[in-house]
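In what follows, a single structure is set out as structure tokens and then discussed.
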Amino acid sequence: MSILKSHGRLSLCADYVREGSRLADIGTDHGYLPIALCQSGKIPSALACDINPLPLRSAQENIARFGLSKKIQTRLSDGLKEVSPDEADDIVIAGMGGELIRDILTAAPWVMDGKKHLVLQPMTHHDDLIRWLCENGFAIERQAAVRDDSKYYTVLLARFTGDIAPCDPYTALVGKLDLHEENSRGFLSRSLQNLRNKSKGDQSLLPVVQQLEEALYEAE
Numbered sequence: 000m001s002i003l004k005s006h007g008r009l010s011l012c013a014d015y016v017r018e019g020s021r022l023a024d025i026g027t028d029h030g031y032l033p034i035a036l037c038q039s040g041k042i043p044s045a046l047a048c049d050i051n052p053l054p055l056r057s058a059q060e061n062i063a064r065f066g067l068s069k070k071i072q073t074r075l076s077d078g079l080k081e082v083s084p085d086e087a088d089d090i091v092i093a094g095m096g097g098e099l100i101r102d103i104l105t106a107a108p109w110v111m112d113g114k115k116h117l118v119l120q121p122m123t124h125h126d127d128l129i130r131w132l133c134e135n136g137f138a139i140e141r142q143a144a145v146r147d148d149s150k151y152y153t154v155l156l157a158r159f160t161g162d163i164a165p166c167d168p169y170t171a172l173v174g175k176l177d178l179h180e181e182n183s184r185g186f187l188s189r190s191l192q193n194l195r196n197k198s199k200g201d202q203s204l205l206p207v208v209q210q211l212e213e214a215l216y217e218a219e
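Mind the numbering: the sequence shown is residues 0 to 219 in numbering that gives the first Met the number 0, read in order.
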């Protein structure tokens with residue numbers, strides 16, 4: 000997927016999309032993800048959605064440039080509001096805050112379907128998103144971290160099971176990340192720094208800071 004070669008976080012999202020699935024890419028921006036997946040033959044079709052007309056126009060131009068206008072449809076949509084349940088099997092929501100991703104999913108209750116796979120890439124507040132998923136019956140089936148342009152990002156693959164799981168602050172921070180993996184440690188080290196800063200004004204966070212520090216130390 001050469002178009003994603005310099006986009007590590009989108010490449011990881013692409014890895015999590017199932018072969019042969021119909022994709023809805025929410026917040027598509029330039030449309031690179033659906034273009035790469037359709038161009039490679041991994042998926043047969045896609046909806047490239049964005050809330051803003053300007054990036055959607057850019058996506059349309061890129062889709063046409065790669066000769067994929069028959070396979071990828073662009074759509075102006077606030078989150079999933081203009082997408083119907085029978086149009087997508089896999090849903091990618093990438094490049095926005097975890098709280099906004101949570102709100103998009105909350106506004107589309109039809110994603111509570113075990114046949115739908117959610118590929119989520121929060122830019123911030125990943126712990127809030129993980130907590131919401133656990134408390135609303137979603138299982139995190141895969142999670143990894145990736146380094147992209149000197150920054151670390153995490154990508155989650157989630158599916159609705161209906162099983163509500165308790166989620167303490169440490170679990171929300173770590174999720175399913177493998178602490179023995181270098182990118183996971185890099186991502187969580189950044190999270191730890193943010194947590195330390197917050198703990199200066201909220202000492203109730205100190206036990207979580209200590210727990211994460213110990214876990215990262217032991218994993219080295």
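Beta carbons: idealized from backbone N, C-alpha and C, even for Gly.
*According to DSSP, is L79 helix, strand or coil?*
Coil at L79, not helix or strand.
_Between V16 and V118, how many whole angstroms is the CB-CB distance? I'm expecting something under 8 Å._
Contact holds; Cβ gap of about 6 Å.
*If you pair each beta-carbon of the segment 21-32 with each one of the segment 45-58, do three or more pairs fall below 8 Å?*
Three or more beta-carbon pairs separated by less than 8 Å link the segment 21-32 to the segment 45-58, which places the two stretches in contact.
*Just mark W131 as buried or exposed, buried being the case when its beta carbon has 16 or more other beta carbons within 10 Å.*
W131 comes out buried.
*May I have a chain-ordered list of the beta strand (DSSP E) segments no shorter than 3 residues that lie completely inside the segment 117-151?*
Segments of the beta strand (DSSP E) lying fully in the segment 117-151: 137-147.
*Could you check where the alpha helix (DSSP H) with V208 kicks off and where it finishes?*
V208 -> alpha helix (DSSP H) spans 205-218.
*First and last residue of the alpha helix (DSSP H) that includes R17?*
Premise fails: R17 is in no alpha helix (DSSP H) and is neither H nor E.
_S190, buried or exposed, once every other Cβ within 10 Å from all chains shown has been counted against 16_ = S190 comes out buried.
*Burial state of D162 (16 or more Cβ within 10 Å)*: When all chains shown are included, D162 counts as exposed.
*Under three-state DSSP, which class holds I2?*
Taken through DSSP and simplified to helix, strand or coil, I2 comes out as helix.
*Should G40 go down as buried or exposed, given a rule of 16 or more other Cβ atoms within 10 Å for buried?*
Using a 10 angstroms sphere on the CB of G40, the tally of other CB atoms stays under 16, which defines it as exposed.
*Validate contact between the segment 87-99 and the segment 61-77 using beta carbons, cut 8 Å, 3 pairs*: No, the segment 87-99 is not in contact with the segment 61-77.
*Give the range of the alpha helix (DSSP H) segment to which L32 is assigned.*
Start and end: 31-39.
_Considering only their Cβ atoms, is the gap separating L205 from L187 smaller than 8 Å?_
With respect to L205, L187 sits apart: the two C-beta atoms are not nearer than 8 Å.
*Leaving out five residues on either side along the sequence, give the residues of the same chain with a beta carbon under 8 Å from the beta carbon of Q38.*
Cβ within range, chain order: M0, I2, F65, L67.
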